[in-house]
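Worksheet: the structure to be examined is printed underneath.
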Amino acid sequence: ESGLTVSRVDPLFAGLRENVAPLVKAVVERGQRPDMRFVENNAWKQPGQEALSQAVSECIGFDFEAGRRDASTHPFCGGPNPDDVRWTTRYNESDPFGSLYGSMHETGHGLYEQGRPRNLDFQPAGHANGLGVHESQSRLWENQVGRSQEFCEWVLPLWQESFPDNMQGVTAEDLWRAVNLVEPSLIRVEADEATYNLHIMIRYEVEKRLIGGDIEVDDLPDVWDDMYEEFLGIRAPNRTLGVLQDVHWSMGAFGYFPTYTLGNLYSAQLLAKAREDLPDHDEQIRRGEFEPLLAWMRENVHKRGSILEPAALIEEATGSPPSPDAFVEYLRDKVERLYGVTA
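Under my numbering, the first residue of the sequence shown carries the number 637, and numbering increases by one thereafter.
Next up, the structure:
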């Protein structure tokens, strides 16, 4: 992430941690869980998941004349240029949400790639602008749009079309509550929207201590487990579910994890500004009209390529430097509506 330093990340993460950790704790202490029986008591056949993912990706705006969808062990998006953008998702017949939201995440990456400035093809300035900005586009569609109540109202008929038996009697509110389950877990890639950034902050703090010489490699398992207990109230039963669950450090990707959280912060800040410019945004999402939001992102993010550093791009697009405030406000509002708790 060009221009990213510890001095820039620390204040962002401090503000996030101070607000999100108490919010998660309040939800856990409330002990309230949405009714997940319609999810857990049904088999979700792969063809239905494929049809749903394809339909949603097309409706959001992904151009399948300039790309394609496939299956893989882990979702990803790639391609040589905006005319050939490919993304994948995975399917689990006991969990229908993984494929849909994996698809929406990768569709967000794909939309960014398809929207890059064509007058800057094959030039560095025409490339996507850093991992944090890229992640903002995937998180925007996966979470801030895809897990919104308005989106759930729009997408319910597509769920019913793909899974007519499983979705009998399921309302849009049932779906909205189910896809927004808040529950501390050990695995980062399976974490919910509220707890995900705590996983990232743990890794960031561990990295800083390791590189700063405060801990040794042999200390990692215990430091990891202690921080998980502190932030999420859980401990890993083994190292596979603990410190060894990610590939990043083994391949030398230190300093990578913060870009995931930056993506969450950027996406909330961008959407807050887009809402100011699109006063009918919520109703547009409820009607399945995604083009206005996509056009806003095209104009303010995609077409700007890598002309500016990521932080400067966010400030240009929103009028303010990167901040955790918009994300905290968004998460507080959602958790209060879902669980009736504040922190």
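All residues carry an ideal CB built from backbone N, CA and C; glycine is no exception.
Measuring alpha carbon to alpha carbon, tell me which of Asp882, Pro753, Pro857 ends up nearest Lys939. Pro753
May I ask you to list the residues that DSSP assigns as paired with Asn728? Asp731
Length at least 4, wholly inside the region 735-802: the alpha helix (DSSP H) runs in chain order: 766-775, 785-798
Would DSSP call Ala679 helix, strand or coil? coil
In the DSSP assignment, find the unbroken beta strand (DSSP E) run with Asp706 in it and report its ends. From DSSP, the beta strand (DSSP E) with Asp706 extends over 703-707.
Under a Cβ-count criterion, where at least 16 other Cβ atoms within 10 Å of its own Cβ denotes burial, should Phe926 be classed as buried or exposed? buried
For a test of the three-state rule: what should DSSP assign to Asn717, helix, strand or coil? strand
Tell me, please, whether the region 778-789 touches the region 641-652 by the rule of three or more beta-carbon pairs shorter than 8 Å. no
Member of Ser942, Ala979, Gly891 whose CA lies at the smallest distance from the CA of Asn755: Ser942
Leu767 versus Trp680: straight-line alpha-carbon distance, rounded: Cα to Cα, Leu767 sits roughly 33 Å from Trp680.
Which stretch, first to last residue, makes up the alpha helix (DSSP H) that contains Gln905? Looking at the DSSP string, the run of the alpha helix (DSSP H) that includes Gln905 is 894-913.
What does the Cβ neighbour count give for Ile950, buried or exposed, with the cut at 16 atoms within 10 Å? buried
Out of Ala761, Arg775, Met672, which one is the CA nearest neighbour of Tyr896? In this structure, Arg775 is the residue among Ala761, Arg775, Met672 with its C-alpha nearest to the C-alpha of Tyr896.
Decide yes or no for the touch test of the region 898-916 against the region 848-862: beta carbon pairs closer than 8 Å, at least 3 of them. Counting Cβ pairs under 8 Å, fewer than three are found: no touch.
Do three or more CB pairs link the region 821-829 to the region 871-884 at distances below 8 Å? yes
Would the beta-carbon of His745 fall within 9 Å of that of Cys713? yes
So what's Arg722 in DSSP terms, helix, strand or just coil? Of the three classes helix, strand and coil, the one that applies to Arg722 here is strand, per DSSP.
Can you find the residues in the same chain that come closer than 8 Å, C-beta to C-beta, to Arg934, ignoring five residues on each side of it along the sequence? Gly751
Once the 5 residues before and after Val921 are set aside, which same chain residues still bring their CB inside 8 Å of it? Residue identity differs from the one stated: residue 921 is Ile in this sequence, not Val. Hits under 8 Å: Val781, Ser784, Glu786, Phe787, Trp790, Leu929.
Between Ser689 and Arg704, how many whole angstroms is the CB-CB distance? I'm expecting something under 8 Å. No, Ser689 and Arg704 are not in contact; Cβ-Cβ is about 12 Å, not under 8 Å.
Rounded to a whole number of angstroms, what is the C-alpha to C-alpha distance between Trp812 and Asp850? 43 Å
Give the DSSP-derived three-state secondary structure of Phe926 in the structure shown. coil
If you pair each beta-carbon of the region 716-731 with each one of the region 671-680, do three or more pairs fall below 8 Å? A contact exists between the region 716-731 and the region 671-680.
Close-in-space but distant-in-sequence residues of the same chain around Glu972 (CB under 7 Å, 5 per side omitted): Thr978
Going by C-alpha to C-alpha distance, which of Thr709, Asn717, Asp719 sits closest to Gly734? Thr709
Below 8 Å CB to CB, which residues in the same chain sit around Asn816 once its five sequence neighbours on both sides are set aside? Pro670, Arg783, Asp828, Glu829, Lys970, Leu974
Enclosing alpha helix (DSSP H) for Met604 [first to last residue]: In the structure displayed, the chain extends from 637 to 979; residue 604 sits before or after that span and is not available.
Measure the C-alpha to C-alpha separation of Asp916 and Gly891 and round it to an integer number of angstroms. 38 Å
Have a look at Pro960 and Arg653 and give me their C-alpha separation to the nearest angstrom. 10 Å
Helix, strand or coil for Thr978? Go by DSSP, reduced to three states. coil
Range of the contiguous alpha helix (DSSP H) that encloses Thr954: 946-954
DSSP three-state label for Val656, please. The three-state reading of DSSP puts Val656 in helix, counting H, G and I together.
In chain order, what residues of the same chain have a beta carbon less than 6 Å from the beta carbon of His741, not counting five sequence neighbours either side? Ser774, Glu778
Could you check the C-alpha separation between Glu797 and Gln685 for me, to the nearest Å? When rounded, the distance between both Cα atoms is 11 Å.
Rounded C-alpha distance that separates Trp932 from Val675: 34 Å
Could you check what DSSP says for Pro958 in three-state terms: helix, strand or coil? coil
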